[in-house]
Structures are given as structure tokens and as C-alpha cells.
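Enquirer: This is the structure I want to talk about, given as C-alpha cells.
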Amino acid sequence: MSLEDGYTNVLQESAPSASVPGVELVVVDGPDTGRRTRVEGGSARIGTARGSELCLSDRTVSRLHAEIQVRANAVTLLDRGSTNGTFIDGRRVRDIDLSPATRVRVGSSTVLVDIGGAPQALTLSDRATFGEVVGASVEMRRVFAILERVAPTTATVLILGETGTGKEIVARAIHDASPRRDEPFVTLDCGAIPESLIESELFGHVRGAFTGAASDRRGVFEEANGGTLFIDEIGELPIQMQPKLLRALEARKVRRVGANNHVPVDVRVIAATNRSLYQNVNQGTFRDDLYYRLAVVEVELPPLRTRTEDIPLLTAHFLERLSGTPTEPSPEMLSALVGRPWPGNVRELRNVIERSVSLGWDATAETLRSPRSPGGSGATAIIPTHLPLKEARLAWVEQFETVYLKAMLEKTNGNVTRAAELARVNRRFLQRMMARLGVRSSDGNGEPGA
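Each residue of the sequence shown is one higher than the one before, counting from 282 in the numbering used here.
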């Protein structure tokens, strides 16, 4: 199977590696009873879409229904925005760690998740950087192993990840490690362009094509000819433009708005989004054929909160880049940084380090200890205006969740089970939320783990 046949490929990797549990998915009830697949490469998707590792014919199952992710210490089930939901023991779940022999209900089908087979090896890179991307954690070394394989090819890449995880930096690193490194690297942000102008931005236009088109203009495909086109926020692309983008990717030629002839282009496309394209496909707002054409190789960047062991390395990297000299972060600085949830991810960390270089660590640490800005008042005193809107919204939500959890644990004297009952969520969900935010049950003055 080639990299350009429209399917998401599992890259065959080599040592060094990490061992993860062997997992097999078996359909035990429904139209596809008896169908099975082994989870390879650390993840497998369940759905009716042709690219799903466990592809079902059950019409009550969404195209991209759920995903199994396998790590060294956990096997996790994620609902990917399915229409009819994902259920375990009659309860709808969205994100949960699985125990051996768990039965998962998707639509009218039941899938047995058989954990405990022969362990599989996941290849890790032996490097701690890839271009300007920095990380020595297992999660990032897995990403680097994929990037090392895909960069020299012409394969289309889809980069997924929360805001601030470094998607554009990864795209640039792929370009710089490719044979196209000396050719143009052009960026198009679908979220920053009015819907009425997106076609012209992509493909260009000729003079007189519409009001205001005073001269011929090239689109980003032509500008990137011979090099790489990075399409950011691809999830924002209007549905009516998606067939035209798909046609350009398949035919490798574009037609300017108002023109009659096509122009051939030689472009490597890398797309990125922080939205759930799985959910968009299920909702019909993103075409599944375009999704699979973009996701020839899919790279998902982990959020910073899941790889806190990389914070010392990232901090030293940013300090050196911003100050111009190698600088070792102090233990006090690292202690304060490692304990934060980082809703803005690596970009937020970089902003904090830049502030510390400009104002000194003591002044920066004070702003981290309190949600209020020094000298501020009213709304500006509690809103993180040093962040862009999307990241500020995430930071606000994280702050609320942290305060809510601590207040609930204090109310229940640290009893996690009772806190989950009062919050009307299951206990495991609350525990995962506590782990993500760095909140302990002892914060409520009760017994840890109660």
C-alpha cells in the first residue's frame, strides 16, 4: 500500500522501542460478529468509514465512532463524537481507561477489548529534537519516529493537537527535513480568511473574476509550487470548498477563479487542526473522503500536561533562545512550572518564559501564583489577557475546574466517591480530571483516594 492511495497508513518502525500491551478487538454481537483486528501502532479506530482499523457494516455506528489508544500503562477508549454514543455496562462514556475483557457497545454492535496478548513494540526516536520541536518523553519520541520516516517522502500529513502544541512548528520541521527544504513553505490559515475569499486564496483569480479583482493573482497552491503548503485550521474550511480542495489534491492542478484553464502544481500538503475532525465527519460538516485524503499519515501531538517530564528541557530551550545564552532554570522555577496544567500548552510555556526573561522570575512567579494580574482591577485583573482568545478561554475553564474540584473535595472532606456523586459524574471521570489538573483528594483535608 502506497502513501498516496487515500488511506491512513501504519508506518512500520524500528528500534529503539517501548513495549505496550497487546490488544485485540473482537466483534461479539451485531452484523459483523466474528470480525477482529489487532491494535497496531498504538491506536485503532472503530467505525463504518473505510479507513477504520475495525471497519463495521452496522448502520447505527458512526463513520468515525470510537478509538482505542494503547500506552505502556493504560488502554484508553475515546468516543470520537459519535451520533449514538459509546457504552460500557449501559453507561455512556467518552474517555475511560479499560480493564481486560471489557465489552464496548457501539450502535447495535458489541466489541470485546481483549487486553493481555503478546506485547507489541512501539518504535521511539533516539533524538530529543526534530527541527525546532523539543521533547525527550516517550510520547514525543514516538512522534519523532514518525516524522523521521515521513519527512523525506511526498506524503500528505494531517497534524492534530490542541491549540499551542506546536502544529505549525512541526509542519515547518517536516518541510526543512524534506528534499523540498530549499523551495517555498507557504501557510494558509482557514480560520483567518472570510468565507467569500477562501477560494481565491487557495487557487488565485483572474482580472475581473469578481468585484475588486483588478489584476490576476496567484493562490497559495501556485505560490508553494515545488515546495510545501501548510493549511492550518483545516476544520474551518467551508463545506462547499471541500470538494474543490479534494479535486486539487487528487488532480495536482488548480484553476483560478474566473479562468478556463488549469495550472499544474507540484505541492506537498500538510494540514492541521485543533478541532475534532472525527466529530465533524460524523456531523456531516467535513467530508470523509477529504479527511482520508489528508490523513495519509496522521500525527497527533500530545498536550503538555501529559508530558510534563519535557518541561525542564523546553524551559532550558526557551531560555537559551530568548536570552541568547545557555541558561539553566532554577529548581524553584521548574517546581512552579511542572505543577501547572498548561491549557495553552507549549505556546503558553514559552510566553511565561519570555515574561520571566523580560521581567525576572520573581515577578513572573507572582502572576503564576495568583489569577489576578499585578496592579489590575475589575475584569482585567482576573482574565488572562496575556493569552490569545482561544487559549484564554481554555485557561479560564481550567481555572474554574480546579477551583470547583477543590471546593467539592473540601465539601466532602476529600471523599472522591461522594464528590463524584454530588458532581453527577462517575468516579473514574473525576479521578482523571483530578490527575489532569494536578488536584489531590487530600486538598480537601480528607484521606487520599477516599
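All residues carry an ideal CB built from backbone N, CA and C; glycine is no exception. Just so it is clear, the structure is predicted and the values come from calculations on it, not from any experiment.
Between which two residues does the beta strand (DSSP E) carrying Ala452 extend?
Expert: Counted from its first residue, the sequence shown places residue 452 at position 171. Where Ala452 is concerned, there is no enclosing beta strand (DSSP E), although the alpha helix (DSSP H) it sits in stretches over 448-457.
Enquirer: Who does Val415 pair with in a DSSP beta bridge?
Expert: As a first step, residue 415 is located in the sequence shown; it is residue number 134 there, counting from the start. In the DSSP output, where bridge partners are listed per residue, Val415 has Thr410.
Enquirer: Would you please verify whether the beta carbon of Gly362 is less than 8 angstroms from any beta carbon of chain D?
Expert: Looking at the structure shown, chain D is missing, and only one protein chain is on hand.
Enquirer: For my contact list, Gly507 and Phe484 are in at a C-beta cut-off of 8 angstroms; report their separation, rounded to the angstrom.
Expert: Taking the first residue of the sequence shown as 1, we reach residue 507 at position 226. Taking the first residue of the sequence shown as 1, we reach residue 484 at position 203. Actually they do not touch by this definition, with Cβ atoms about 17 angstroms apart.
Enquirer: Excluding the 5 residues flanking Arg498 on each side, which residues of the same chain have their C-beta closer than 6 angstroms to its C-beta?
Expert: The count along the sequence shown starts at 1 and reaches residue 498 at position 217. Once the five neighbours on either side are set aside, the close Cβ partners of Arg498 are Gly485, His486.
Enquirer: The beta strand (DSSP E) that contains Leu393, what's its start and end?
Expert: Within the sequence shown, the letter at position 112 stands for residue 393. Unbroken beta strand (DSSP E) run through Leu393: 390-404.
Enquirer: Let me know the secondary structure DSSP gives Val720 once reduced to three states.
Expert: Position 439 of the sequence shown, counted from the start, is the residue given in the question as residue 720. If DSSP states are grouped into helix, strand and coil, Val720 belongs with coil.
Enquirer: Please list, in chain order, all residues of the same chain as Asn542 whose beta carbon is under 8 angstroms from its beta carbon, the five residues on each side excluded.
Expert: Taking the first residue of the sequence shown as position 1, residue 542 is located at position 261. Arg536, listed in sequence order.
Enquirer: If we count the other Cβ atoms within 10 Å of its Cβ and call it buried at 16 or more, is Pro655 buried or exposed?
Expert: Residue mapping note: residue 655 aligns to position 374 of the sequence shown, counting from 1. Low confidence applies to Pro655: its pLDDT is 38, below 50, so where it sits in the model is not reliable enough to give any reading.
Enquirer: So, under 8 angstroms CB-CB, Thr410 and Val627 are touching, yes? Tell me the CB distance rounded to an integer number of Å.
Expert: Position 129 of the sequence shown holds residue 410. Position 346 of the sequence shown holds residue 627. Between Val627 and Thr410 the Cβ distance is about 13 angstroms, and since that is not below 8 angstroms, they are no contact.
Enquirer: Going by beta-carbon coordinates alone, are Arg462 and Leu527 separated by less than 8 angstroms?
Expert: Residue 462 sits at position 181 when you count from the first residue of the sequence shown. Residue 527 sits at position 246 when you count from the first residue of the sequence shown. For Arg462 and Leu527, no; Cβs fall outside 8 angstroms.
Enquirer: Anyone know if the C-beta pair for Ala458 and Ala432 falls short of 8 angstroms?
Expert: Position 177 of the sequence shown, counted from the start, is the residue given in the question as residue 458. Position 151 of the sequence shown, counted from the start, is the residue given in the question as residue 432. Yes. Within cutoff.
Enquirer: Let me know the alpha helix (DSSP H) ranges lying completely inside the segment 487-575, each 4 residues or longer, listed in chain order.
Expert: Runs found: 501-504, 523-532, 558-564, 569-575.
Enquirer: May I ask you to verify whether the segment 435-450 touches the segment 571-584, counting CB pairs closer than 8 angstroms and requiring at least 3?
Expert: Segments in contact, yes.
Enquirer: Rank Thr404, Ala355, Ile369, Arg373 by C-alpha distance to the C-alpha of Ile396 and give the top, closest one.
Expert: Counting from 1 along the sequence shown, the entry for residue 396 is found at position 115. Considering only alpha carbons, the answer is Ala355.
Enquirer: By a C-beta neighbour count over all protein chains shown, 10 Å radius and 16 as the cutoff for buried, is Glu348 buried or exposed?
Expert: The count along the sequence shown starts at 1 and reaches residue 348 at position 67. Flag for Glu348 reads buried.
Enquirer: Grab me the residues of Thr314's own chain with a C-beta within less than 7 angstroms of its C-beta, minus the 5 sequence neighbours each way, in chain order.
Expert: Locating residue 314 in the sequence shown gives position 33, counting from the first residue. Answer for Thr314: Val308, listed in chain order.
Enquirer: Of all the options Lys534, His456, Ala495, which has the alpha carbon lying nearest to the alpha carbon of Val467?
Expert: Counting from 1 along the sequence shown, the entry for residue 467 is found at position 186. Considering only alpha carbons, the answer is His456.
Enquirer: Let me confirm a value: Phe491 is counted as buried when at least 16 other C-beta atoms fall within 10 Å, else exposed. Which label applies?
Expert: Numbered from its first residue, the sequence shown carries residue 491 at position 210. Label assigned to Phe491: exposed.
Enquirer: I think Gln560 touches Arg361, with their Cβ atoms under 8 angstroms apart; what is that distance to the nearest whole Å?
Expert: By 1-based counting over the sequence shown, the position of residue 560 is 279. By 1-based counting over the sequence shown, the position of residue 361 is 80. Indeed they touch by this definition, with Cβ atoms about 6 angstroms apart.
Enquirer: If you run the structure through DSSP and keep just helix, strand and coil, what is Glu635?
Expert: Counted from its first residue, the sequence shown places residue 635 at position 354. Helix, per DSSP.
Enquirer: List, from N- to C-terminal side, the beta strand (DSSP E) runs of 3 residues or more that fit wholly inside the segment 285-369.
Expert: DSSP runs (the beta strand (DSSP E)) wholly in the segment 285-369: 298-310, 317-319, 324-328, 347-352, 355-360, 367-369.
Enquirer: Of the choices Arg674, Val619, Ala597, whose alpha-carbon is the least far from that of Val638?
Expert: Stepping through the sequence shown from its first residue, residue 638 is reached at position 357. The shortest Cα separation from Val638 among Arg674, Val619, Ala597 belongs to Ala597.
Enquirer: Tell me the residue span of the beta strand (DSSP E) that contains Thr732.
Expert: Look at the range of the chain in this structure, 282 to 731, and you will see that residue 732 is not part of it.
Enquirer: Taking the alpha carbon of Val580 as the reference point, which residue from Glu420, Leu469, Val392 has its own alpha carbon closest?
Expert: Stepping through the sequence shown from its first residue, residue 580 is reached at position 299. That would be Glu420, whose Cα lies nearest to the Cα of Val580.
Enquirer: In terms of alpha-carbon separation, which member of Arg423, Glu531, Gly332 lies closest to Ala353?
Expert: In the sequence shown, residue 353 corresponds to position 72, counting from 1. Of Arg423, Glu531, Gly332, the residue nearest in Cα terms is Arg423.
Enquirer: Could you check where the beta strand (DSSP E) with Val374 kicks off and where it finishes?
Expert: Taking the first residue of the sequence shown as position 1, residue 374 is located at position 93. Note, Val374: beta strand (DSSP E), 372-374.
Enquirer: Name, in chain order, the residues that DSSP records as bridge partners for Val580.
Expert: As a working note, residue 580 is residue 299 in the sequence shown. According to DSSP, Val580 bridges with Ile440.
Enquirer: Across the segment 381-390 and the segment 706-716, are there enough close Cβ pairs to call them in contact, namely three or more that are closer than 8 angstroms?
Expert: No, the segment 381-390 does not touch the segment 706-716.
Enquirer: Would you mind reading off the limits of the alpha helix (DSSP H) that contains Arg602?
Expert: To locate residue 602, count along the sequence shown from 1; it is residue 321. Run containing Arg602: 592-604, per the alpha helix (DSSP H) assignment.
Enquirer: How would you label Val301, buried or exposed, when you count the other beta carbons within 10 angstroms and need 16 or more for buried?
Expert: Position 20 of the sequence shown, counted from the first residue, corresponds to residue 301. Buried, because 16 or more other Cβ atoms sit within 10 Å of the Cβ of Val301.
Enquirer: If Asp339 sits next to Gly311, beta carbons under 8 angstroms apart, how far is it from one beta carbon to the other, in whole angstroms?
Expert: Reading the sequence shown from its first residue, position 58 is the one you call residue 339. Reading the sequence shown from its first residue, position 30 is the one you call residue 311. Contact holds; Cβ gap of about 5 angstroms.
Enquirer: On a Cα-Cα basis, can you pick out the residue from Glu413, Thr434, Val394, Glu482 that is closest to Val451?
Expert: Locating residue 451 in the sequence shown gives position 170, counting from the first residue. With distances taken between Cα atoms, Val451 lies closest to Glu413.
Enquirer: Tell me where the beta strand (DSSP E) around Leu469 begins and ends.
Expert: Translated into positions along the sequence shown, residue 469 becomes position 188. 466-470 is the extent of the beta strand (DSSP E) around Leu469.
Enquirer: Closer than 8 angstroms is the cut-off here; do at least three beta carbon pairs connect the segment 328-342 with the segment 384-393?
Expert: Yes, since at least three Cβ pairs between the segment 328-342 and the segment 384-393 fall closer than 8 angstroms, the two stretches touch.
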